[in-house]
Amino acid sequence: MDVLVPSTCAQDYVMYQIYVEKYMPDVSEFVNGTLDAIQSLDINLVQFTSADTNSPISLTLQPLLVPDNPNWSFYSWAYLYQWVTGSREVVSFQGDRGIITTMSTSNQALTMSPSPSKYHKRFHFLGCVMYITGVLMLTAAIVMNITIFSRGEGEFINVFELNRVVRHVWIGRSLLFVRRTAIWLLNTSTLQLTLVGAVTQFISSRLSWFTTILASAECTWFVYILNDILSFRRYNAHHCARQRVHFLHGQVLQFGQQYDLKIIALS
């Protein structure tokens with residue numbers, strides 16, 4: 001008997017039942033399907049017991065779902081609710097002599113903060129990437145203004161070589177290696193932890209078409225570095241045309257075989 005039960009406990013439960021029957025939809029169909037799925041998992045509550053201090057310890061199992069015992073069903077649903085909300089976990093121990101699928105004890109949520117010592121390196125890399133992007137945008141704006149005021153006089157086709165010239169002259173080869181980190185960021189699908197009611201789940205979102213094109217363009221940074229280090233002067237003109245083919249080939253691969261994160265549940 002519960003010594004803390006109020007005197008109006010029976011009346012309160014009757015009011016709860018009336019409210020549920022009146023306002024809550026009928027979920028018996030979903031309940032039956034859920035119970036069948038959980039029953040197939042054969043989940044048990046495990047406890048080590050002994051008659052006294054001199055008796056051997058034995059392992060006792062209590063099935064989580066007992067259809068023939070309506071009194072136990074209340075506690076079964078309480079355990080299932082804690083499992084769904086993340087307070088408990090279900091673990092399967094598989095050995096040579098059998099399988100035990102049991103539920104853990106109630107655990108409180110843990111909060112962890114990233115190490116502050118790693119912030120500085122990340123901000124340094126981020127600052128380098130932002131600096132390179134700013135230099136490219138500023139130089140492109142200046143060249144555009146000069147082209148407009150000069151009314152297109154000169155070799156207009158050289159404007160398409162702006163990216164290559166600015167990278168090596170105004171940015172430098174050392175910072176180009178840092179710029180390659182943008183390739184990893186743009187080509188990585190994000191795995192978002194989404195809250196759905198009281199349950200969290202991972203959702204993998206595909207890259208947008210703009211990000212996919214930008215990621216293909218960022219791959220040319222690495223090609224520029226290899227071209228500048230390994231190629232000779234008389235072969236540079238041939239490699240410039242091939243880099244455009246590399247850019248188009250990267251776009252085809254990105255759109256055709258885009259990498260997606262997948263969550264695999266092991267049973």
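1 is the number of the first residue of the sequence shown in full-length UniProt numbering; add one for each residue after it.
Glycine is no exception: its CB is placed at the ideal position from the N, C-alpha and C atoms.
Can you tell which of F210, Y79, T212 and T194 has its C-alpha closest to the C-alpha of residue 278? A query on residue 278 cannot be resolved here, the shown segment of the chain reaching from 1 to 267 and no further.
So, does the CB of G86 fall closer than 7 Å to a CB anywhere in chain B? The chain inventory of the structure shown lacks chain B, comprising one protein chain alone.
Cβ-Cβ distance between residue 318 and F202 below 7 Å: The chain is shown from 1 up to 267; residue 318 falls before or after that span and cannot be answered.
Suppose you measure from the CA of L45 to the CA of D96; what does that come to, to the nearest Å? Taking the sequence shown and counting its residues from 1, one reaches residue 45 at position 45. Taking the sequence shown and counting its residues from 1, one reaches residue 96 at position 96. Answer to the nearest angstrom: the Cα atoms are 20 Å apart.
Would you identify the three-state DSSP class for V196, choosing helix, strand or coil? To locate residue 196, count along the sequence shown from 1; it is residue 196. Strand, per DSSP.
Report all residues from its chain with a CB closer than 7 Å to the CB of V166; omit the five preceding and five following residues, and keep chain order. Walking along the sequence shown from the start, residue 166 turns up at place 166. So the qualifying residues of the chain are V135, L136 and T139.
Between which two residues does the alpha helix (DSSP H) carrying S73 extend? For this step, residue 73 is matched to residue 73 along the sequence shown. P70 to V84 is the span of the alpha helix (DSSP H), which, as asked, contains S73.
For the region 71–91 against the region 99–117, are there 3 or more C-beta pairs whose distance is under 8 Å? yes
Whether or not the region 60–74 and the region 38–52 are in contact is what I'm after, with contact meaning three or more pairs of Cβ atoms, one per stretch, closer than 8 Å; do they touch? yes
DSSP three-state call for S216: helix, strand or coil? Translated into the one-based positions of the sequence shown, residue 216 becomes position 216. In the structure shown, S216 sits in a helix (DSSP, three-state: H, G or I).
Nearest-angstrom Cα separation, counted from S87 out to I100: Position 100 of the sequence shown, counted from the first residue, corresponds to residue 100. Position 87 of the sequence shown, counted from the first residue, corresponds to residue 87. Each residue's Cα considered, the two are about 20 Å apart.
What first and last residue would you give for the beta strand (DSSP E) that runs through N32? Walking along the sequence shown from the start, residue 32 turns up at place 32. From DSSP, N32 is part of no beta strand (DSSP E) but of the alpha helix (DSSP H) over S28 to Q39.
Please work out which residues of its chain come closer than 6 Å, Cβ to Cβ, to L266, disregarding the five sequence neighbours upstream and downstream, and give them in chain order. Here residue 266 refers to the residue found at position 266 of the sequence shown. Confidence is the limiting factor: at L266 the pLDDT is only 46, short of 50, which leaves the residue's position unreliable, though a coordinate-based value still follows. So the list is empty, once near-sequence residues are dropped.
Can you check DSSP and say which residues form a bridge with V90? As a working note, residue 90 is residue 90 in the sequence shown. In the DSSP output, where bridge partners are listed per residue, V90 has M103.
C-alpha distance - P56 paired with F48, whole-angstrom precision: For this step, residue 56 is matched to residue 56 along the sequence shown. For this step, residue 48 is matched to residue 48 along the sequence shown. Their backbone Cα atoms lie some 10 Å apart in a straight line.
Tell whether a beta-carbon distance below 7 Å holds between I132 and I171. Looking up residue 132 in the sequence shown gives position 132. Looking up residue 171 in the sequence shown gives position 171. The answer is yes: Cβ separation under 7 Å.
List the residues that DSSP assigns as beta-bridge partners of L59. As a working mapping, residue 59 is identified with position 59 in the sequence shown. Answer by DSSP bridge pairing, in chain order: F48.
For N227 and F149, the rounded distance between their alpha carbons: Stepping through the sequence shown from its first residue, residue 149 is reached at position 149. Stepping through the sequence shown from its first residue, residue 227 is reached at position 227. So the alpha carbons of these two residues sit roughly 34 Å apart.
Identity of the residues DSSP links to F202 by a beta bridge: As a working mapping, residue 202 is identified with position 202 in the sequence shown. Paired residue(s): L193.
Output the distance between the C-alpha atoms of L230 and S216, rounded to the nearest integer angstrom. Translated into positions along the sequence shown, residue 230 becomes position 230. Translated into positions along the sequence shown, residue 216 becomes position 216. So the alpha carbons of these two residues sit roughly 22 Å apart.
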